[in-house]
Amino acid sequence: MLTDLAFRLRSLFRRRAVESDMEAELRFHMERQIEKYLQSGLTPAEAARLTRLEFGGLEQVKEEHRDARGVSLIEMLARDVRFGFRTLRNNLGFTIVAMLTLALGIGANTAIFSVVYAAIIRPLPYYQPNRLITLSEVRPQEGESAEAGKRIWDCSYPDYVDWTRQSRSFQALAGFGGDGFILHGAGEPELVFGVQTTINFFSTLGVKPFLGRDFALGEDIAAGPKVAILSYGSWIRRFGGDPQIIGRSIQLDDKSVNVIGVLPREFEFAPRGNAEIWVPLHIEKDLATRRSLRWMPVIGRLAPAITQQQAQAEFNTVTAGLAAAYPQANGAVRVVMVPLRERIVGQVQPLLLILFGAVGFVLLIACANVTNLFLVRAAGRRREFRIRAALGAGRGRLISQLLVESMMLAAAGGALGLLFAEWGTLLLIAAIPENLLAFAPFLRHAHANLAVLAFLCAAVIFTGVAFGLAPALQIARGGEGETLKEETRMSSAGARTRLRGILVVAEIAFCLVLLIGSALMVKSLAALLHRDPGFDAKNLLVFGVNLPSTSYPNDPDAIRFDKEFASRVRSLPGIVGVTSNSVVPLSGGGASIRFLIEGQPVATGQEKECYIREVSTNYFPVMKIPRRAGRLFNDSEDSESAPRHIIVNEAWVKQYFHGQDPLGKRVKFTFSATEPYREIVGVVGNNAETGLDRPDEASLFLPFPQDTNSFINYIIRTDGNPANSVGALRTALRALDPQLVLIQPLTMEQIIAQSPSVFLRRYPSYLIGSFAALALVLAMVGLYGLISYSVAQRTRELGIRIALGARRQDVLRLVLGEGARLTMLGVVFGLAAAFGLTQLMKSLLFGVSTVDLGAFASVTVVLALVAIAACYIPARRAMTTDPAAALRYD
Amino acid sequence: MTDKRIDLPQGTLDLLILRTLALEPQHGWAISERIQQMSSEVLLIQQGSLYPALHRLERRGWVKAKWGTSENNRRARYYELTKTGRKQLERETDSWKKLAAAVARIIESV
Numbered sequence: 028m029l030t031d032l033a034f035r036l037r038s039l040f041r042r043r044a045v046e047s048d049m050e051a052e053l054r055f056h057m058e059r060q061i062e063k064y065l066q067s068g069l070t071p072a073e074a075a076r077l078t079r080l081e082f083g084g085l086e087q088v089k090e091e092h093r094d095a096r097g098v099s100l101i102e103m104l105a106r107d108v109r110f111g112f113r114t115l116r117n118n119l120g121f122t123i124v125a126m127l128t129l130a131l132g133i134g135a136n137t138a139i140f141s142v143v144y145a146a147i148i149r150p151l152p153y154y155q156p157n158r159l160i161t162l163s164e165v166r167p168q169e170g171e172s173a174e175a176g177k178r179i180w181d182c183s184y185p186d187y188v189d190w191t192r193q194s195r196s197f198q199a200l201a202g203f204g205g206d207g208f209i210l211h212g213a214g215e216p217e218l219v220f221g222v223q224t225t226i227n228f229f230s231t232l233g234v235k236p237f238l239g240r241d242f243a244l245g246e247d248i249a250a251g252p253k254v255a256i257l258s259y260g261s262w263i264r265r266f267g268g269d270p271q272i273i274g275r276s277i278q279l280d281d282k283s284v285n286v287i288g289v290l291p292r293e294f295e296f297a298p299r300g301n302a303e304i305w306v307p308l309h310i311e312k313d314l315a316t317r318r319s320l321r322w323m324p325v326i327g328r329l330a331p332a333i334t335q336q337q338a339q340a341e342f343n344t345v346t347a348g349l350a351a352a353y354p355q356a357n358g359a360v361r362v363v364m365v366p367l368r369e370r371i372v373g374q375v376q377p378l379l380l381i382l383f384g385a386v387g388f389v390l391l392i393a394c395a396n397v398t399n400l401f402l403v404r405a406a407g408r409r410r411e412f413r414i415r416a417a418l419g420a421g422r423g424r425l426i427s428q429l430l431v432e433s434m435m436l437a438a439a440g441g442a443l444g445l446l447f448a449e450w451g452t453l454l455l456i457a458a459i460p461e462n463l464l465a466f467a468p469f470l471r472h473a474h475a476n477l478a479v480l481a482f483l484c485a486a487v488i489f490t491g492v493a494f495g496l497a498p499a500l501q502i503a504r505g506g507e508g509e510t511l512k513e514e515t516r517m518s519s520a521g522a523r524t525r526l527r528g529i530l531v532v533a534e535i536a537f538c539l540v541l542l543i544g545s546a547l548m549v550k551s552l553a554a555l556l557h558r559d560p561g562f563d564a565k566n567l568l569v570f571g572v573n574l575p576s577t578s579y580p581n582d583p584d585a586i587r588f589d590k591e592f593a594s595r596v597r598s599l600p601g602i603v604g605v606t607s608n609s610v611v612p613l614s615g616g617g618a619s620i621r622f623l624i625e626g627q628p629v630a631t632g633q634e635k636e637c638y639i640r641e642v643s644t645n646y647f648p649v650m651k652i653p654r655r656a657g658r659l660f661n662d663s664e665d666s667e668s669a670p671r672h673i674i675v676n677e678a679w680v681k682q683y684f685h686g687q688d689p690l691g692k693r694v695k696f697t698f699s700a701t702e703p704y705r706e707i708v709g710v711v712g713n714n715a716e717t718g719l720d721r722p723d724e725a726s727l728f729l730p731f732p733q734d735t736n737s738f739i740n741y742i743i744r745t746d747g748n749p750a751n752s753v754g755a756l757r758t759a760l761r762a763l764d765p766q767l768v769l770i771q772p773l774t775m776e777q778i779i780a781q782s783p784s785v786f787l788r789r790y791p792s793y794l795i796g797s798f799a800a801l802a803l804v805l806a807m808v809g810l811y812g813l814i815s816y817s818v819a820q821r822t823r824e825l826g827i828r829i830a831l832g833a834r835r836q837d838v839l840r841l842v843l844g845e846g847a848r849l850t851m852l853g854v855v856f857g858l859a860a861a862f863g864l865t866q867l868m869k870s871l872l873f874g875v876s877t878v879d880l881g882a883f884a885s886v887t888v889v890l891a892l893v894a895i896a897a898c899y900i901p902a903r904r905a906m907t908t909d910p911a912a913a914l915r916y917d
Numbered sequence: 133m134t135d136k137r138i139d140l141p142q143g144t145l146d147l148l149i150l151r152t153l154a155l156e157p158q159h160g161w162a163i164s165e166r167i168q169q170m171s172s173e174v175l176l177i178q179q180g181s182l183y184p185a186l187h188r189l190e191r192r193g194w195v196k197a198k199w200g201t202s203e204n205n206r207r208a209r210y211y212e213l214t215k216t217g218r219k220q221l222e223r224e225t226d227s228w229k230k231l232a233a234a235v236a237r238i239i240e241s242v
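Same order as they appear, the protein sequences are chains Z and B.
Quick note on numbering: the first sequence equals residues 28 to 917 in this note's numbering.
Quick note on numbering: the second sequence equals residues 133 to 242 in this note's numbering.
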């Protein structure tokens, strides 16, 4: 063993000495043999000839000799690399085309992989993140499906408290709720997003503040000390990274709050990704006792050695106990557990995997193309290979040399691809709207890291083998028995062209799948953007105003503010209407309410539930939502002191009244025993509430004066570009009350463009569209190359045909026919594959079937036309073949 | 000339080289001469295949090589059996005898 190693090492490092030893030894042998023959009386020439004959091929012996020395692997690799480098340099055009093709394929794949890794593979920045499970209470009305469990993430506080007492399977359970504050004393007063958490929130995640300390017991009661923890980003941005921040007090709304900690830089919490300030959750009386009010997302850390299944089993028992104790509130509630990661990446995961699959197709097409180039070049190098084989190069040597060449090319493509990938990743992230990126903070970590580099290497090896193997195997098959004679041009087509044909067919098939995928995405996007949201979304500006409870403690204060502000705004130039809603349509949020219909008794816990919106009395006319029956709200009949009234939409009537007339019927909310019955006075048209891609949802509207809010979303209709009115509106608000802030002004068009439902179609539309375009170019280059090659090969045949009287059109048809045949085959396979594969993107599609005939047909026609165009150029050349020249050609 | 010689069965070349070297250190040419003489010119050694075999043996540590002066006063590479080489020779001789005997028995019995 040791001698073996020493031997190999000597061979490797003292290569020159070893080689000259070998030369000397062999020379000695030959001379000795010649000497012997001379002594036996042969002439010198005869002696030399006989010796050479007996010895066998000198080069071959040397090769075997080297093999036996065991050096070959590394030494030959080095030699192959040197040789490969020369070959690649001598064919610069080929090298550049192949390298760029591969760099695009590998780069695009690596970029997508960077994002996939950041989202799906990279561990969340918590202690043992896979032990973190989210808990949610789901009622049967909200759907039995697993999908409902993933969409809903709310628990009631009293239930949470009971869980922490009764459950053993969680080491800790923590809850949180979103919040927002007007921050004073750090520049202009501004709305900052925050989170209220149970005080064990950070310890449950296993996160320690980077400065200061965590929340402590006693800080979670309203009478306790007011404290806050800052995110790293806000500490840097708003407080200049001041290390003396701990202990400083800041002004949140109208309260003075002590900063006790700063979170570590790498901390992120996707469900509240935009949060800058973390405060302890102060449970007011209402929330502490209302068991049916489900609003708090809960995260648990599994106790050691407990599985999620065991925890679920325990919770089924706990839930049954709570249901028995509180049938009204907990009757049919089930607890759904979803791992935190799944909850966080659940929505983007299918999108990313589809993109990953699509970009994989691009790489396959790139490989097929480069393989084709390699095959053409290998065909041109057959003579070279034969000569080298005749000189003693073994078949294995030729194959390994070709593979080394392809690996070098792949590695060069990979290196260039890494640059493309870094650039592409930046683009991929930059294309995500900031408001969505805030809720996917993990995507900011998408860049080249070890895992990405490992992926890149794997991609390089895969591509290198993929396109190097085919020509290498052909050499292997063809090597033996063939002689040095040049084949005639007539006979050479055969197997090689068949393989190339198969590759082109595959390219066309992959390309068609991508084209169909992108057509379906674009169609979905168009359908979504053209969907009538039920209101006129043009020329609308939306912003929020938060009324602090110190200055506006009671309902009449809010009503007074609203009236005054609205009238001031209405007098501004360019303003057509002013209205408000508790939840801005299409902004993603959704508050819902449980209710009973008078005269329709239901079992306890089985009450209906629908969206609830508190709107200004002029909401429907300003939004241009049509009235269907009854009347709309007005200031006199629906005032603060008037009897309680509601308006419902058509979907509501369809769902709960089965289309019968609901006017005059009464509805009662169930969250409190003192809730009055409210009369339905009108029916309006449906409008999209939570997303353009959602079906029409049942909604119920309350007049603002009868149910005020301290946070009002104003919706302004203008007669020009609504963005131009922001300045005047801000001035008007300041003039009315200088402490108020115009929060997040956005046009409705911006809200729609940034909404998840649109993003989930627009993003893949662009990406799959670019992949498909790239694939189309590559596939057409492949087809063009093959047909050109085939025409060149058949010059003589075509010349004979023309000489024998074939018309030019016949030649054209002949060549085009060849291309058409390949395209047809590719289309057939591509369509079959698309039928299956588009199923996978079902969740992304909107308003279009996975087998949409229009998309399939139009894309196929486009592909066919482009393919014919690609074949037409070589076909023209074939048509103009000069028979005399062609026959002389050989 | 070649028709009265037979090709060497696979794997036997190593054995013959080891056997030749058991007498005294030799250079490559002498080894091939010796094998042909001893086999009364029956065995044909493709001379080229001798050297890869020698280096294989050297790598395994069964023979040692060093440069020396040949009978005609020239620099030649001499191969010498090592201790492990000698053991290997015994083993291979043994198994060759067994193989030959077994093959002979079968051929004669049929």
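Glycine included, each C-beta is placed from N, C-alpha and C at the ideal position.
Just to confirm the assignment, what range does the beta strand (DSSP E) spanning residue i have?
i      : result
B:T243 : Since the first and last residues shown for chain B are 133 and 242, residue 243 of chain B lies out of range.
Z:E706 : 704-711
Z:W322 : 321-323
Z:A199 : 197-211
Please state the DSSP three-state secondary structure of residue i.
i      : result
Z:D909 : coil
Z:R240 : coil
Z:W180 : coil
Z:S163 : strand
B:K215 : helix
Z:G657 : strand
Z:R878 : According to the sequence displayed, residue 878 of chain Z carries Val and not Arg. Three-state result, Z:V878: coil.
Z:E514 : Summary for Z:E514: the model assigns pLDDT 45, below 50, so the residue's position carries little reliability; its value from the coordinates is reported in the next sentence. Of the three classes helix, strand and coil, the one that applies to Z:E514 here is coil, per DSSP.
How far does the alpha helix (DSSP H) with residue i in it extend, from its first residue to its last?
i      : result
Z:T452 : 422-457
B:P184 : 179-192
Z:Q278 : Element bounds for Z:Q278: not the alpha helix (DSSP H) but the beta strand (DSSP E), 276-279.
Z:A138 : 119-143
Would you say residue i and residue j are within 7 Å of each other, going by their C-beta atoms?
i      : j      : result
Z:S752 : Z:L567 : no
Z:Y638 : Z:S619 : yes
Z:A656 : Z:N713 : no
Z:A859 : Z:E534 : no
Z:L839 : Z:A902 : yes
Z:K253 : Z:K282 : yes
Z:E217 : Z:S261 : no
Z:Y259 : Z:L210 : no
Z:R640 : Z:F731 : no
Z:L382 : Z:L872 : no
Z:I652 : Z:V675 : no
Taking 6 Å as the line, does the beta carbon of residue i fall inside it for any heavy atom of the ligand GTP?
i      : result
Z:L446 : No copy of the ligand GTP occurs in the structure displayed, which carries no ligand at all.
Q: Ignoring anything shorter than 4 residues or poking outside the stretch 759-822 of chain Z, list the alpha helix (DSSP H) runs there in chain order.
A: 775-781, 783-820
**Q.** Interface residues of the stretch 65-89 of chain Z facing chain B [CB-CB below 8 Å]
**A.** E81, F82, G83, G84, L85, Q87, V88
Q | Segments of 3+ residues assigned as beta strand (DSSP E) that fall wholly inside the stretch 219-267 of chain Z | A | 254-257
(Q) So within the stretch 286-362 of chain Z, which uninterrupted beta strand (DSSP E) runs reach at least 3 residues, ignoring any that extend past its ends? (A) 304-307, 321-323, 325-329
Q: Report the residue ranges of all beta strand (DSSP E) runs contained in full by the stretch 548-636 of chain Z; include only those spanning at least 3 residues, in chain order.
A: 567-573, 602-608, 619-624
Q: Would you list, in chain order, the members of the stretch 141-161 of chain B that have their beta-carbon closer than 8 Å to a beta-carbon of chain Z?
A: H159, G160, W161
Q. Closer than 8 Å, Cβ to any Cβ of chain B: which residues of the stretch 830-861 of chain Z, in chain order?
A. none
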